[in-house]
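Reviewing the structure listed below.
Protein chains in written order, with the numbering used here: chain A, -11 to 191; chain B, 90 to 575.
Written as structure tokens, this is what we have:
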């Protein structure tokens, strides 16, 4: 039996090949569940599925009725219980109520913007300046300037970077009937809410 | 794969065992790095402070950190020199392709290892490096964002912890694995050279102690920082502000890929650089381009009246034109050199052979010098001890480096004395002539064509190597074994 060539039995697949095929299939089936384990590597902390509060530095939730026009605050998102993690530059966002000429007077979500404070050039923390004639985000390090309406860099080194690295990541907002401002679950991709420290495509 | 391990009895040119020196530096880095792990804390707000603690407070922490830092630079340097020596001497042939390919991979990982190392200090310069690395990873089409999420996590906290894990475990373990594959058939462990390289590292640490940099604070404008010297070449390309993926990923990737396939495109039957003009010219071109871009990456217009951007940005057209112009220049230079060297060799053949000069120290003087060196060592030990007591850390490190160098000299002297004792000098002319003719015969007997024996040409021109290969029978036979193996 063992010395008999496969062709004489009329089989198209020899016993050996069939066994090999089974072994290969077994190996694939055995290791398939581990493909999903690649998710071990990315940090899941940033991917929230629920709405988050816009928590101002004084601990209160931002409200459209009380938050001043043409004003900004630094907020932490996603906020953790660990004070060290909350100091993380990548969790600091600039919560801006636009000046009235850009529609900041409306008591709705379109009057607000939340942009990552990490400058797209070399990751310093920029900040919104409400003064007359400024009304823009300015990075203290190399002078990149950001448009508060779109988050796009219009001057300085960040503006020279090719898309998506010239537009700040942005969080989507929602206002409930009490006027409280909520952050919608973000989609961390360049085509969604953007990647912190890298950028976003304007859609 | 049988491996031959040699401790040479005479001075051998270190060019042949640069790889061994790289490995020694790797061991030094492993030991000092393990000790640094006892104090370093890879945490967002504490990383820089813990390095400062090591540097300023922990006894001998300054020494450990400086040895670790300078040995890492030396390792990258040695790896590059080792690669180019193997490249120009054509040793990646004769079934050494696997050694070459693993060697290139080890080189790339070595640079990554050094890179992750200086990032986890989390100074301003480290932050610059991390931000560039992250944006380059992100710029890779399709896979980039996922790769960034996988390798860098999100935010500085993850970066530091992950780079630390890569630095102390993932990369070294892969390096060790590749090194096991990379081990050559013929290995030289030269004690004086090992001591000298360790001493040189410490002396550099004493003279140029590495600074702490400034702690990174995202609210404070950083000063102008440039990366470590082995990355400034890449930095010059990045500073041209051209597309990130092309300049930061595609160009270095192309360079590494070219190096990987060199043994498979080099169809020359000969080994010597003089007989492989195109390969040699490509090598010279790469060296010229590396040197120019490395310098360019460091250079920042000192004119402070200009805006920072103007000072930093390199005109891409200028940069790329220079890169292209270097190609014909290097090719011309190489072909000219080959022509000149071949002419010089042809002329040298016509001249009568000069007898080589050797330094032989009388036995009595060997003892005197030895005792004097030990006395010097004792003095240096006391000096190093006092320097530590007085808080002069870099001076003590410098002196310890000198001690290592003196030990290297002592070992060499010991070796010299032992060699003389084993081979009593009886330099009567007939015997020497006889040895020479025997050598000539044994060379002619070997099956290799003469022009392939790269060392043979050197014996004619270099006295030092001549003494080594003419008298050090041990190493000669090992070399021959290596070359004869098919």
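Every residue, glycine too, gets a C-beta built ideally from N, C-alpha and C.
query: Cβ pair count under 8 angstroms reaching 3, the stretch 83 to 90 of chain A against the stretch 240 to 255 of chain B; result: no
query: Range covered by the beta strand (DSSP E) that runs through residue 102(A); result: 100 to 104
query: Among 296(B), 336(B), 405(B) and 312(B), the one whose alpha carbon lies nearest that of residue 303(B); result: 312(B)
query: Status (buried if at least 16 other CB within 10 Å, exposed otherwise) for residue 393(B); result: exposed
query: Expected contact under 8 angstroms - CB spacing of residue 102(A) and residue 171(A) to nearest Å; result: 7 angstroms
query: C-beta neighbour in chain A for residue 561(B), strict 7 angstroms; result: Below a pLDDT of 50, predicted positions are generally treated as unreliable, and residue 561(B), at 44, falls in that range; the measurement from the model is reported next regardless. Residue 561(B) does not count as touching chain A.
query: Chain B contact for residue 31(A) (CB, 7 angstroms cutoff); result: yes
query: Residue from 329(B), 211(B) and 247(B) with nearest C-alpha to residue 301(B); result: 211(B)
query: Cβ neighbour criterion (16 or more within 10 Å) applied to residue 89(A); result: exposed
query: Alpha-carbon to alpha-carbon, residue 487(B) and residue 119(B); result: 21 angstroms
query: C-beta atoms of residue 497(B) and residue 285(B) nearer than 7 angstroms; result: yes
query: Residues near residue 473(B) by beta carbon distance below 6 angstroms, same chain, minus five either side; result: 485, 488 and 489
query: Under the three-state DSSP convention, the category residue 152(B) falls into; result: helix
query: Residues within the stretch 146 to 160 of chain A neighbouring chain B, beta-carbon criterion of under 7 angstroms; result: 148, 150 and 153
query: Meets three-Cβ-pair contact criterion under 8 angstroms: the stretch 378 to 386 of chain B and the stretch 404 to 421 of chain B; result: yes
query: Residue 131(A) versus 117(A), 36(A) and 146(A), residue with shortest Cα-Cα distance; result: 146(A)
query: Three CB pairs or more closer than 8 angstroms across the stretch 134 to 154 of chain B and the stretch 173 to 190 of chain B; result: no
query: Beta-carbon spacing of residue 298(B), residue 512(B) below 7 angstroms; result: no
query: Within 7 angstroms, strictly: CB atoms of residue 161(A) and residue 169(A); result: yes
query: Endpoints, the beta strand (DSSP E) within which residue 276(B) is located; result: 275 to 277
query: Residue 150(A) beta carbon near the ligand MG (any heavy atom closer than 6 angstroms); result: This structure does not include the ligand MG; it has no bound ligands of any sort.
query: Chain-ordered neighbours of residue 183(A) on chain B, where CB pairs are closer than 8 angstroms; result: 227, 234 and 237
query: Length of the line joining the Cα atoms of residue 204(A) and residue 31(A); result: No answer is possible for residue 204(A): the residues shown for chain A start at -11 and end at 191.
query: DSSP-derived helix/strand/coil call for residue 575(B); result: Because the pLDDT of residue 575(B) is 37, which lies under 50, any placement of that residue in the model is unreliable, and the question is left without a value.
query: Neighbourhood of residue 39(A) by C-beta, 8 angstroms cutoff - its chain only, sequence neighbours within 5 removed; result: 162, 170, 171, 172 and 173
query: Residues that residue 201(A) contacts on chain B, provided the C-beta gap is smaller than 7 angstroms; result: The structure shown does not extend to residue 201(A), since chain A is modelled only from -11 to 191, so the question has no answer here.
query: Nearest-angstrom Cα separation, counted from residue 148(A) out to residue 133(A); result: 11 angstroms
query: Residue-chain proximity (residue 128(A), chain B), Cβ-Cβ < 7 angstroms; result: yes
query: Minimum Cβ-Cβ distance from residue 72(A) to chain B less than 7 angstroms; result: yes
query: Residue-level contact to chain A via CB, residue 501(B), 7 angstroms cutoff; result: no
query: C-alpha gap between residue 354(B) and residue 500(B), whole angstroms; result: 43 angstroms
query: Residue 175(B) at chain A interface by Cβ criterion, 7 angstroms; result: no
query: Burial state of residue 175(B), where buried means 16 or more other Cβ atoms lie within 10 Å; result: buried
query: Residue 494(B) classed as buried or exposed, judged by whether at least 16 other C-beta atoms fall within 10 angstroms; result: buried
query: Beta-bridge partners of residue 85(A), as assigned by DSSP; result: 59(A) and 100(A)
query: C-alpha gap between residue 123(A) and residue 57(A), whole angstroms; result: 12 angstroms
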